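Accompanying notes for the structure given below.
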Amino acid sequence: MTVDIDQTTELHVTRDGATMETEKKTQTTAEQMTDRDLSEQIKKVTMESHARAEKTELMLSFQRGQVTLAQYKLLLCSLYEVYQVLEEEMDRNSNHPGVAPIYFPAELARLDAIEKDLEHFYGQDWREKIVVPAATKRYCHRLRQIGKENPEFLVAHAYTRYLGDLSGGQVLGRIAQKSMGLKGSEGLSFFAFPGVSSPNLFKQLYRSRMNSVELTEEERNGVLEEAVRAFELNIQVFDDLQKMLLSFSDNKLQTCSTQSRPVKTLQIPGAIINTTPLLRMVLGLFVALATVSVGIYVF
Ligand code: HEM
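First residue of the sequence shown: 325, per the numbering used here; consecutive thereafter.
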């Protein structure tokens, strides 16, 4: 595949790897970036947030090589919800002038990969076992809102997730594999980008596409603010996931065990849980019986 970077440079992103010649040209493009470039501004304004994200308990577990299967499975559930909405909104707004230049579904889309990983860990009925905290729902709500009201802000969210996945995410994948003792790449599709032969070159292309988006001053400030918010939303998800893990004991959270079994009753403040239809029916019967009993007692 060949994609234009700017009028003078072309970047060849191939599955076989990019040539030295191409890399030299792209480096020149990267050096030409200025303080007015969105990619530079966004990196600057989110630097402090990035440092905070790295220091969340969940990310520290990754960095220490101590990430557990329970942590990773729970993280995958939230990533599933987030990427589902992010990619839906990107698809819906793919012709918007603020989205079109940074729309790379073939190279970046994560949803299919996450679904594959979820099926690996939870089994075929993984959809019924998705467990996410309230922070994930807030993140999704924000994505839907800007997809509808300010599609030009989507670049902030796409940058935060995709460039993060293409940066530290690559190392994290290898660490996760070792920490959880996984064989091969099973369950780790999320970290693999088969459509991107060189993450570094691709990031350069992505940055130059970000810089080509035409924004008014007001819109630019909005995008920068949104990028800080995107990091904040991620941090809140990581913190909530960690709290969920702490409040779950093995017998409370069946979905976090290595075997995939139906979800049991969960009582975690702020957590949104998909219960099984059977559980919902039993709860409904219980409420109905209680209501009838109270009625009999009163009369
Ligand atoms: C264990 C945690 C993490 C580590 C070790 C890590 C590490 C890194 C590294 C080494 C880079 C490359 C920096 C560069 O090229 O100058 C990077 C870039 C990036 N990371 Fe992270 N990261 C972590 C977590 C996160 C999280 C949680 C997010 C977002 C939610 C994130 C978003 C980004 C983004 C957007 C970039 C691209 C910056 C740019 O080039 O503009 N990272 N990260």
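Every residue gets a Cβ at the ideal spot worked out from N, C-alpha and C, and that includes glycine. Predicted model only: the values in this text are computed from it and were never measured.
- Going by beta carbons, E431 and F526 fall inside the 8 Å limit.
- Rounded to the nearest angstrom, the Cβ distance from T380 to D563 is 6 Å, consistent with a contact under 8 Å.
- In this structure the stretch 416 to 432 does not touch the stretch 451 to 463; the number of beta carbon pairs closer than 8 Å is below three.
- Distances from the CB of L487 to the heavy atoms of the ligand HEM include at least one below 7 Å.
- DSSP places P475 within a helical segment (H, G or I) once states are collapsed to three.
- A heavy atom of the ligand HEM is found nearer than 7 Å to the CB of Y483.
- According to the DSSP secondary-structure assignment, P421 is paired through a beta bridge with no residue.
- Just so you know, the alpha carbons of R434 and Y446 end up roughly 18 Å apart.
- The continuous stretches of beta strand (DSSP E) do not include V552, which lies in the alpha helix (DSSP H) extending over residues E541 to S571.
- For the pair of segments examined, the stretch 368 to 377 was found not to touch the stretch 538 to 546: the number of CB pairs separated by less than 8 Å stays below three.
- Between the ligand HEM and E405, a heavy atom-to-CB distance of less than 7 Å is absent.
- A distance of 8 Å or more separates the beta carbons of T484 and V406.
- In this structure Q395 touches L569 by the C-beta definition: roughly 6 Å separates them, less than 8 Å.
- Closer than 7 Å to some heavy atom of the ligand HEM: that does not describe the Cβ of L548.
- Taking every protein chain shown into account, the CB of D449 has fewer than 16 other CB atoms within 10 angstroms, so this residue is exposed.
- By the 16-neighbour rule on beta-carbons within 10 angstroms, V495 is exposed.
- Fully contained in the stretch 434 to 462 are the following beta strand (DSSP E) runs of length 3 or more, in chain order: 455 to 457.
- When the five nearest sequence neighbours on each side are left out, the beta carbons in the same chain lying within less than 6 Å of the beta carbon of E411 are those of A433 and L435, in order along the chain.
- In terms of Cβ geometry, Q566 and L382 form a close pair [threshold 8 Å].
- Going by DSSP, Q395 is part of the alpha helix (DSSP H) stretching over L393 to R416.
- In the three-state reduction of the DSSP assignment, F517 falls in the coil class.
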